[in-house]
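> This is the structure I want to talk about, given as structure tokens.
Structure below.
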């Protein structure tokens, strides 16, 4: 099994080297060849049996709002538990201007740690929201010795080398990534650049500079079209259904390779649909609250029986912090609520808290979307002490309260005046591969 993982990661690394040494990077025909190679390898090395679903697929109905979070694996996680590291830390938070990254940075600073943020500030969604996150952190923590901010692409080798030499972070919280399932189908190259190349560069620097723990954001999207009642870290996830999911799976494999070669402590966190105040405007919780509040049409894909494990931001932050404090040699963790909410129930909850009736446009299911997600959080509970505390109903209530407060403040940039659903796919907000190649990183502090 280890040989299979290393083999896959080796192909990824060779592909990255091809990108780095080619004057014109790569063309679509090369990328097709690469993806075909990966698909063949996954098929050949698919040796781990998938967890079998205990429920019929037709049982995913409106009434299904809770899924089992009991781990059926025989793994005895209690034997693996380590004590958390205590004391001051200097933590590099990539993507620190984003939703999760800025929330984690605030929690680290609040408990006394120093934070170094690096973020390219791309316009996948309204940049004013990211600027507001940084301004908020700077207002709370004006001391630049405690909070340093770098603006630039994590794939920029000179920027990142200089950052590590100057700041010497010993703990890494890698939240930077190109997000979004549907946009990745339209423009996969930007996802390979940001997610695979960027993560590889960070891990290379991490082992060279003796980083004590490397924690990175993976995604529940790696589970693809799994029919399992709950998604366990022990499950085979070798069949991603979108380029975004494939890049996250590739990062997990590369992470193991760096642990194997250099004994880098690394944990990958599979987030399950994070939402809450200051959340990403391309995500359904923000879009639905925003558009229902304003009486604007929302898009409903499928018949409404699809279900997601929505996780409130404070629960995710708690899980990330716990992971940073526990330098496991190599682990993957689900961070979710442990129960699901159907799309129909979701819309009803938003209507209840906004006190508005949704204007719904019915659309077919979208390519790349998965019908159902639900996290088994048993492993995270035992090894991290993780426990989700905020129900979906309560989380939406808090999000609506935040939305109303920021909307009532005309000077606030926290809520954009236009959300990505004005371009229904949101794709126009994602820069093309050509734009990324030609764009120079801003190197400033």
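Residue numbers (this note's numbering): 1101 to 1545.
Idealized CB from N, CA, C, for every residue including glycine.
Keep in mind it's a predicted model, so treat the numbers as computed, not measured.
Please return the same chain residues whose Cβ sits closer than 8 Å to the Cβ of residue 1139, not counting the five positions on each side in sequence.
Note that residue 1139 has pLDDT 43, beneath the 50 cutoff, so the model's placement of it is unreliable and the number below is only indicative. Annotation for residue 1139: no residue places its beta carbon closer than 8 Å to its own, counting only its chain and skipping 5 residues before and after.
> Considering only C-alpha positions, which residue in the set 1247, 1479 and 1281 is nearest to residue 1178?
Residue 1479 is the option with its Cα nearest to residue 1178.
> Specify the secondary structure class of residue 1256 as computed by DSSP and reduced to three states.
coil
> If we call anything under 8 Å between Cβ atoms a contact, is residue 1375 one with residue 1412?
yes
> Specify the secondary structure class of residue 1370 as computed by DSSP and reduced to three states.
strand
> Within 10 Å of its beta-carbon, does residue 1293 have 16 or more other beta-carbons around it, so buried, or fewer, so exposed?
buried
> Cutting at 7 Å between CB atoms, please list the residues of its own chain near residue 1342, excluding the five before and the five after it.
1281, 1284, 1285, 1321 and 1468
> May I ask you to report which of helix, strand or coil DSSP gives residue 1400?
strand
> Any chance you could list the beta strand (DSSP E) runs of at least 3 consecutive residues sitting entirely within the segment 1454-1501, in chain order?
1460-1463
> Three-state secondary structure (DSSP) at residue 1261?
helix
> For the ligand ZN, is there any heavy atom lying closer than 7 Å to the beta carbon of residue 1386?
No copy of the ligand ZN appears in this structure; indeed no ligand is present at all.
> Kindly give me the distance between the Cβ atoms of residue 1347 and residue 1296, rounded to whole angstroms, as I take these residues to be in contact under 8 Å.
5 Å
> Can you tell me the Cα-Cα spacing of residue 1442 and residue 1409, whole angstroms?
Each residue's alpha carbon lies about 9 Å from the other.
> Reducing DSSP to helix, strand and coil, say where residue 1429 ends up.
coil
> Within 10 angstroms of its Cβ, does residue 1395 collect 16 or more other Cβ (buried), or is it exposed?
exposed
> Using DSSP with H/G/I as helix, E/B as strand and the rest coil, what is residue 1380?
coil
> Can you tell me whether residue 1247 is helix, strand or coil according to DSSP?
strand
> How many whole angstroms separate the CB atoms of residue 1215 and residue 1191, which I take to be in contact at a CB cut-off of 8 Å?
For residue 1215 against residue 1191, the beta-carbon gap comes to about 6 Å, under 8 Å, which counts as contact.
> Should residue 1392 and residue 1451 be called a contact, given that it needs their Cβ atoms to be closer than 8 Å?
yes
> Pull the bridge partners of residue 1238 from the DSSP assignment, please.
For residue 1238, no pairing in a beta bridge is given by DSSP.
> Using a Cβ-Cβ cut-off of 8 Å (strictly less than) and excluding sequence neighbours within five positions of residue 1547, which residues of its own chain qualify?
What is shown of the chain runs 1101 to 1545, which leaves residue 1547 out entirely.
> Could you name the residues of the same chain whose beta carbon sits closer than 7 Å to that of residue 1502, not counting the 5 residues immediately before and after it, in chain order?
1377
> Under the three-state reduction of DSSP, which class applies to residue 1391: helix, strand or coil?
helix
> Can you tell me whether residue 1385 is buried or exposed, with buried defined as 16 or more other CB within 10 angstroms of its CB?
buried
> Enumerate in chain order the residues of its own chain whose CB-to-CB distance from residue 1456 is below 8 Å, with the five nearest sequence positions on each side excluded.
1392, 1393 and 1395
> Quick one: give me the first and last residue of the alpha helix (DSSP H) that residue 1317 is part of.
In the DSSP assignment, residue 1317 falls outside any alpha helix (DSSP H) and within the unbroken beta strand (DSSP E) covering 1313-1319.
> Relative to the C-alpha of residue 1261, which candidate in 1228, 1434, 1423 and 1304 has its C-alpha closest?
1304
> To the nearest angstrom, how far is the alpha carbon of residue 1475 from that of residue 1364?
26 Å
> Measure the CB-CB distance between residue 1399 and residue 1461 and report whether it falls below 8 Å.
In this structure, residue 1461 lies closer than 8 Å to residue 1399 by Cβ.
> For residue 1279 and residue 1263, I'd like the C-alpha separation in whole angstroms.
24 Å
> For residue 1219 and residue 1197, what's the separation of their Cα atoms in angstroms?
6 Å
> With DSSP as the reference, please indicate the residues paired to residue 1434 in a beta bridge.
1370
> Can you tell me which of 1473, 1206 and 1444 puts its alpha carbon nearest to the alpha carbon of residue 1434?
1473
> Please determine, among 1495, 1448 and 1429, the residue with the shortest C-alpha to C-alpha distance to residue 1182.
1429
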